[in-house]
């Protein structure tokens, strides 16, 4: 079994694509951030859905 | 006992009080209602960033009080040191996602340019603060980073003022000067957000604004 300490203290894996070089760990973090960003756009926000979003942005249109 | 009210602006306390009362519109400092268009997870990254920053500062205060020997040798110290690092990682992740969101919303619209600028400067300042944190670990990692960084810093001519091999200077910058600057910038950023409101989507108008 590989412990977290052993995994993190090992040599970093790097990916090469032409002049681009990035560590696997950094690539995974960036992909996770992109995934979280997309999920934030598409997932519904919990709470009161009575108020409707209107382009006019009336002052009583609050949540 | 009777008191007399000095006319506004007649002394500096009254002038300051008067000025502070206009910094944020009444009821907008800690609002309990938000425009309906904010009912989206995309608006959560900013406050998530702020929550991470609070933990960064709190864990940093604990590390500063307990000292380097504690965070190197004690298991609790190791844990707090690790949470300090990972809260910084979360701080930067949330800050970058907040930046993506605000960039695609063109959040500088509607007289919000200073809000955008203070956020951008705080981002750059945070990178410097994190860098001095790496140099303040007092271990072989910080020693390696400082010797690698010195050539880059010297090549741009700021080595005499910003000596990455001077651990004392880096530590004091990390725990006093830079957190103070970041704190002021973040505070100003939040005041500006409360003052001008959160930027609305392109097809909406913020409450109190006109097209």
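Chains as they are written, first to last, in this note's numbering: chain B, 510 to 572; chain V, 4 to 214. Using N, Cα and C, we set each Cβ at its ideal position, and we do this for glycine too.
Beta-carbon spacing of residue i, residue j below 7 Å
i	j	result
residue 67/V	residue 185/V	no
residue 145/V	residue 167/V	no
residue 549/B	residue 45/V	yes
residue 40/V	residue 152/V	no
residue 546/B	residue 74/V	no
residue 132/V	residue 93/V	no
residue 204/V	residue 38/V	no
residue 83/V	residue 62/V	yes
residue 220/V	residue 199/V	There is simply no residue 220/V to check, as chain V begins at 4 and stops at 214 in what is shown.
Supposed close pair residue i, residue j - CB separation, criterion 8 Å
i	j	result
residue 194/V	residue 26/V	6 Å
residue 554/B	residue 42/V	5 Å
residue 202/V	residue 108/V	5 Å
residue 544/B	residue 534/B	The Cβ separation is near 16 Å, so there is no contact.
residue 80/V	residue 69/V	6 Å
residue 98/V	residue 134/V	15 Å between Cβ atoms; not a contact.
residue 197/V	residue 23/V	The Cβ separation is near 13 Å, so there is no contact.
residue 536/B	residue 552/B	Between residue 552/B and residue 536/B the Cβ distance is about 24 Å, and since that is not below 8 Å, they are no contact.
residue 136/V	residue 188/V	Actually they do not touch by this definition, with Cβ atoms about 17 Å apart.
Run of the beta strand (DSSP E) containing residue i, from where it starts to where it stops
i	result
residue 526/B	523 to 526
Enclosing alpha helix (DSSP H) for residue i [first to last residue]
i	result
residue 146/V	143 to 158
residue 531/B	Element bounds for residue 531/B: not the alpha helix (DSSP H) but the beta strand (DSSP E), 529 to 532.
residue 221/V	Since the displayed chain V opens at 4 and closes at 214, residue 221/V lies outside it and no answer follows.
residue 50/V	48 to 69
residue 36/V	Run containing residue 36/V: none; DSSP gives neither H nor E here.
residue 123/V	116 to 138
residue 617/B	Nothing about residue 617/B can be reported from this structure: the residues present for chain B run from 510 to 572 only.
residue 178/V	Counting along the chain, residue 178/V falls outside any alpha helix (DSSP H), and DSSP gives it neither H nor E.
residue 18/V	15 to 23
residue 113/V	Residue 113/V -> no alpha helix (DSSP H), and no H or E assigned at all.
residue 169/V	Looking at the DSSP string, residue 169/V is not in any alpha helix (DSSP H), and its letter there is neither H nor E.
residue 201/V	Residue 201/V -> no alpha helix (DSSP H), and no H or E assigned at all.
residue 89/V	78 to 107
Does the stretch 112 to 129 of chain V come close enough to the stretch 155 to 174 of chain V to have 3 or more Cβ pairs within less than 8 Å? no
Residues in the stretch 24 to 58 of chain V having any Cβ partner in chain D nearer than 8 Å: Structure shown: chain D not included; protein chains present are B and V.
Segment contact flag, the stretch 53 to 63 of chain V with the stretch 11 to 20 of chain V, C-beta cutoff 8 Å, min 3 pairs: no
Sufficient close CB pairs (3 or more, under 8 Å) joining the stretch 168 to 176 of chain V to the stretch 137 to 148 of chain V: yes
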